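Numbering (this note's numbering), first residue to last: 290 to 631. Just so you know, even glycine gets a beta-carbon here, dropped at the ideal spot from N, CA and C. Nothing here was measured: the structure is a model prediction, and the numbers come from that model.
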Amino acid sequence: MTNGNRVRVVAAGDHFVLPSLIKEALAHELTGDVVELRLGWPLVPFGPVAEVTEASDAEDELIEALAGAQVLVTQMGPVTERVLDACPDLRLVVVCRGGPVNVNLDAAKRHDVRVCYAPGRNAAATAEFTVGLMLAALRRIPQAHDLLARQGSWEGATYYTYEHSGLELEDLPVGLVGYGAVGSRVARVLCAFGARVMVYDPYVQGEIHGLRIHALDELLGQSRVITLHARLTTETRGLIGARELALLPRGSVVVNAARGPLLDEDALCTALETGHLSAAALDTYVQEPLPARSRLHALADRVVLTPHLGGASREVARKAAAIAAAEVGRWARGEPLAHALT
C-alpha cells in the first residue's frame, strides 16, 4: 500500500485490453503516474507452457517499463521469475483476465508481490456467444450463408425440407454441464426461448433456472443439445468422451465455448461422421490454434467453428480494465483485495 504517496503504475495492455482503457479506468481510482505499454500478440495465444508464455517475447520491454513502478496492470504481459527479479519495486500485479496464467505465482510469493485477477469480466459475452453458436448449429446458419454469399448458390434452400431442416429451441431438451457465471446466464436465456433446460453441476447448490439433474449420464440421455460450462480440472478433463456421446439421443448437438479439453475431439468427430450427432459448435479446442490436420476441418457441413472468440466484446475489455483498476484502488487505499491469489 502507498500510505498516501503517488503510485507509479504500468498499464501493459495489448490489442484487446488497450493500455488507454486501463489508464482511463485507473484515473477514477487513484492519483499517480501511469505508463502505457502496448504488448504484441502472444507467441502462444491461449495457455501457458513451461513457466510463462503469454507475450513471452516482451520480457525486456516489460522490465524497462517497470523501472520504479509499484503496480503492473496487464492482460498478457509475461510476469516471469526474471521479470520479478529485475523489478524490486513491484508490489502488485493485476491481470485483466479470469486467471493469472501469465504470472509465475510461486516467484511472486517469494518476492512478496500480490497477484490479482478479474473474474467474471467475460461471463455475459461468453453466454451470449454460446447461445449464438447453438442457434447457428441448430439452424445451419453458417452453412446456408456460405452457400449463398460465398458460392452464389441457392442450394441452402434444401434446409427448408423436413429431412434437412434444423431444430428450434422452444420445448427442446437442452442440458447444461456446469452452472457457473456463464452457464447460469445461458440457462436464463434458454428459458426465455422456452427450452426445457436441465442442469448437471454437483458443486452448485440453491435455486437454478431449469431442472436439476443429479447424474451426468441421466442428463445426457435426456438432452437433444448439450452445452459445456464446467471448469477445466483434472476431474473434468475429457469429461465428455465416446461413452458419454453415445448416451445422447441420435441427432443431438454438442456446443463447447468453455474449455477444449473438456471434450474428446476425436470421439466427437467419430460421432459426427457416423451420424450419431447431427452437429457441433465449438469455440475452444484441445490444441489452439486448431491444427490443419484436425478432423474437424472435413466436417464443415456439420460443425460451426470459431477461433476462441466467446469472450471477445468491447464491453469485456472495459469491464476487465475497470475490475483491475478497482483492485489497484483498494490496494492503494490499504483495503482488502477482492480477487487476490497471493
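Next item on the list: Can you tell me which of Gly549, Val542, Leu534 and Arg532 puts its alpha carbon nearest to the alpha carbon of Leu521?
Entry: As a first step, residue 521 is located in the sequence shown; it is residue number 232 there, counting from the start. For Leu521, the nearest C-alpha among the options comes from Gly549.
Next item on the list: Look up Asn292 in the DSSP assignment and say whether it is helix, strand or coil.
Entry: Position 3 of the sequence shown, counted from the start, is the residue given in the question as residue 292. Note that Asn292 scores 48 on pLDDT, short of 50, meaning its location in the model is unreliable and no value can be drawn from it.
Check: Would you report the Cα separation of Ala414 and Leu458, rounded to the nearest angstrom?
Finding: On the sequence shown, residue 414 is found 125 positions in, with the first residue counted as 1. On the sequence shown, residue 458 is found 169 positions in, with the first residue counted as 1. For Ala414 and Leu458, the distance between alpha carbons rounds to 20 Å.
Next item on the list: Could you have a look at Asp322 and say whether DSSP puts it in helix, strand or coil?
Entry: Residue 322 sits at position 33 when you count from the first residue of the sequence shown. Three-state DSSP puts Asp322 in a strand.
Next item on the list: Go to Ala611, then tell me how far its alpha helix (DSSP H) extends in each direction, as first and last residue.
Entry: Taking the first residue of the sequence shown as 1, we reach residue 611 at position 322. For Ala611, the uninterrupted alpha helix (DSSP H) run begins and ends at Arg603 to Ala621, by DSSP.
Check: Three-state secondary structure (DSSP) at Met487?
Finding: Counted from its first residue, the sequence shown places residue 487 at position 198. Strand at Met487.
Note to self: Tell me the rounded alpha-carbon separation between Ala354 and Gly321.
What the structure shows: Against the sequence shown, residue 354 aligns to sequence position 65. Against the sequence shown, residue 321 aligns to sequence position 32. Roughly 15 Å separates the two Cα atoms.
Margin query: I need the DSSP call for Gly600, collapsed to helix, strand or coil.
Written below: For the purposes of this step, residue 600 is taken as residue 311 along the sequence shown, with counting starting at 1. Correct three-state label for Gly600: coil.
Item checked: Touching by the beta-carbon criterion (3+ pairs, under 8 Å), the stretch 535-549 and the stretch 558-577 -> By the C-beta criterion, the stretch 535-549 is judged to be in contact with the stretch 558-577, since at least 3 inter-stretch pairs fall below 8 Å.
Notebook entry, point to check: Counting along the chain, where does the alpha helix (DSSP H) carrying Ala433 start and finish?
Noted result: In the sequence shown, counting from the first residue as 1, residue 433 sits at position 144. Unbroken alpha helix (DSSP H) run through Ala433: Ile430 to His434.
Margin query: I need the straight-line Cα distance from Val404 to Phe305, nearest angstrom please.
Written below: The residue you call residue 404 lines up with position 115 of the sequence shown. The residue you call residue 305 lines up with position 16 of the sequence shown. Computed Cα separation, rounded: 21 Å.
Margin query: Quick check on Ala397: does DSSP put it in helix, strand or coil?
Written below: As a first step, residue 397 is located in the sequence shown; it is residue number 108 there, counting from the start. Ala397 falls in the helix class under three-state DSSP.
Next item on the list: Tell me Cys405's beta-bridge partners as DSSP assigns them.
Entry: Within the sequence shown, numbered from 1, the residue matching residue 405 stands at position 116. Answer is Val383 and Ala629, bridged to Cys405.
Notebook entry, point to check: By the 10 Å Cβ neighbour count, where 16 or more other Cβ atoms means buried, how is Ala300 classified, buried or exposed?
Noted result: Counting from 1 along the sequence shown, the entry for residue 300 is found at position 11. Buried, because 16 or more other Cβ atoms sit within 10 Å of the Cβ of Ala300.
Check: Can you round the beta-carbon distance between Asp374 and Gln359 to whole angstroms, since I take them to be within the 8 Å contact cut?
Finding: As a position in the sequence shown, residue 374 is number 85, starting the count at 1. As a position in the sequence shown, residue 359 is number 70, starting the count at 1. With 8 Å as the limit, Asp374 and Gln359 do not qualify as a contact, their Cβ atoms being about 16 Å apart.
Notebook entry, point to check: Any beta-carbon of chain B closer than 7 Å to the one on Arg622?
Noted result: Of the chains in the structure shown, none is chain B; there is only one protein chain.
Next item on the list: Just mark His628 as buried or exposed, buried being the case when its beta carbon has 16 or more other beta carbons within 10 Å.
Entry: Counting from 1 along the sequence shown, the entry for residue 628 is found at position 339. Result: buried.
Item checked: Bridge-paired residues (DSSP) for Gly302 -> One-based indexing of the sequence shown puts residue 302 at position 13. BP columns for Gly302 point to Arg327.
Check: With a Cβ-Cβ cutoff of 7 Å, do Val471 and Cys480 count as a contact?
Finding: Here the question's residue 471 lines up with position 182 in the sequence shown. Here the question's residue 480 lines up with position 191 in the sequence shown. Result no, Cβ atoms of Val471 and Cys480 do not sit closer than 7 Å.
Checklist line | Three-way DSSP call (helix, strand, coil) for Arg501 in this model | finding: Position 212 of the sequence shown, counting from 1, holds the residue named residue 501. In the structure shown, Arg501 sits in a strand (DSSP, three-state: E or B).
Checklist line | Collapsed DSSP secondary structure at Leu579 in the structure displayed | finding: Stepping through the sequence shown from its first residue, residue 579 is reached at position 290. Correct three-state label for Leu579: coil.
Check: Between the C-alpha atoms of Gly445 and His434, what's the straight-line distance to the nearest angstrom?
Finding: The residue given as residue 445 occupies position 156 in the sequence shown. The residue given as residue 434 occupies position 145 in the sequence shown. Straight-line Cα distance between these residues: approximately 8 Å.
Margin query: Is the separation between the beta-carbon of Leu536 and that of Asp490 shorter than 7 Å?
Written below: Mapped onto the sequence shown, residue 536 falls at position 247. Mapped onto the sequence shown, residue 490 falls at position 201. No, the pair does not count as a contact, with Cβ atoms beyond the cut-off.
Check: Taking one C-beta from the stretch 559-566 and one from the stretch 490-503 each time, how about it: are there three or more such pairs within less than 8 Å?
Finding: Verdict: no, contact absent.
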